[in-house]
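One structure below.
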Amino acid sequence: MTAGDWSVPETEVLDAVGGAIDDQHAVLATVVDVVGNAYRRPGAKMVVADEGDGIGSITAGCLEDEVLAIAEDVVAEGRPRVERFDLTGDDDVWGLGVGCNGVIDILLEPLDDSYRPVVDAYERGEDIVVLTVVESDTSTARRGDRAYATRANGTLSFDASGWPDWLLDALDDPATKLLATETSDTLEFEHDGERVEVFVDAVTAPPELVIFGSGHDVAPVANLGSRVDFRVTVASFRGAAATSDRFPDADRVVSTSPATIRETIDFDENTYAVVMTHNFVDDHIALEELLDTPVPYIGLLGPRERFEEIRDEFRDGGVELSEADLERIFTPAGLDLGGGTPFHIAQSVVAEVTAIRFGREPAHLTEREGHIHERPSLE
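Count the sequence shown with our numbering and you get residues 42 to 420, in order.
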């Protein structure tokens, strides 16, 4: 398992799932439960292909090789299994100073066509909840049985042929809450003496990062944005520069004009915009267009004085930016990290976008109280 395969973005892991479904000897390993601390949380995935190579990470490297070996048995048996790794004690091989001092449950299952709805939804940019039975003492829901739930008009719709109604009723509320918080968890249900554990995995559409510009400083932002699971669009106002060769890490490159960006690109609450054209007129028009969209973040490169000039131009045109407008505009874009190279600047900008995406106030982790990663909340 190479370092590159281990550290690929989650978007590439889901892409690998799609490519491995047709391979009758691939395995999907998913973290389904964590007690205590761990490098990854429930929902983290790794694909084990026919050649025994792994794509994706489920720990910091403590268990990947062991999981690769177990995957061979899963392929041979053709049945899913749940493996528990206790990294808390000092009485067995897993407690000898490795890991993150937690107990990790990993579901390993042969990849087949039953997972294709997840890949299809992800590629369409739609959220989906994957419901997988991990333990059961009833014949109506066996380990490995899978169902799905999608959201329409604020409610979940289940695709769960053969699952008992009582289980679907019990899943409705927690699945809705886990999807809303973009978290995953294993839940236990009991009914008339029957007990079922279901892993509820919220697979959410990747956010969009739209970068406006065509200068050399755009490529590092596209590179880092793609690495942290944004679907990246580079929008150039210079048609000759709108080529995929120029921005190889972007998912797409489009040619447009500042006044027609809303005609070229679809913007929603899951879209984040960075304006780095370094052209006063283009920035002004692009900003005006973006303020008519629901995007939660508009990063504008350049000094603060330059933005004040743009704001004066708005006033001269009879437009006063509202407090709601100003809350979405971040200029100069980026966090104060201190570096000044193009990749330092890109790191600063992408870090700020990531913080906004996850609703965080940037700070040192050493100063953070409580857990680093969000825990599922069903309240």
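Positions of the beta carbon are idealized from the N, C-alpha and C atoms, including for glycine.
Span of the beta strand (DSSP E) holding Glu238?
235 to 244
For Asn264, which option in Phe240, Tyr156, Arg293 has the closest C-alpha, if you only look at C-alpha atoms?
Arg293
Drop a sphere of 10 angstroms on the beta-carbon of Pro344, count the other beta-carbons inside from all chains shown, and report buried for 16 or more, exposed for fewer.
exposed
What does the alpha-carbon distance come out to for the pair Asp161 and Ile169?
10 Å
Alpha carbons only, please: which of Arg347, Val123, Val336, Thr284 is nearest the one belonging to Phe240?
Val123
CB of Phe276 within 8 Å of CB of Val295, strictly:
Contrary to the premise, residue 276 reads as Ala rather than Phe in this sequence. Cβ distance < 8 Å, so Ala276 and Val295 count as in contact.
Is Val316 near Phe253, with beta carbons less than 8 Å apart?
yes
Counted within 10 angstroms of its Cβ, other Cβ atoms place Gly138 as buried (16 or more) or exposed
Note that Gly138 has pLDDT 46, beneath the 50 cutoff, so the model's placement of it is unreliable and no number is given.
Quick one: what does DSSP say Thr100 is sitting in, helix, strand or coil?
coil
What is the rounded straight-line gap between the Cα of Asp56 and the Cα of Arg157?
11 Å
Rounded Cβ spacing between Leu148 and Thr179 (contact assumed at less than 8 Å)
Not really, about 18 Å apart at Cβ, beyond 8 Å.
Close beta carbons around Glu310, own chain, < 7 Å, minus the five adjacent residues each side
Pro335, Pro337
Do Val88 and Ala67 come within 8 Å of each other at the CB atom, strictly closer than that value?
yes
Residue from Thr196, Ala182, Leu367 with nearest C-alpha to Leu208
Ala182
At least 3 beta-carbon pairs within less than 8 Å: the stretch 69 to 84 vs the stretch 96 to 115
yes
So, are the CB atoms of Pro151 and Val116 less than 8 Å apart?
yes
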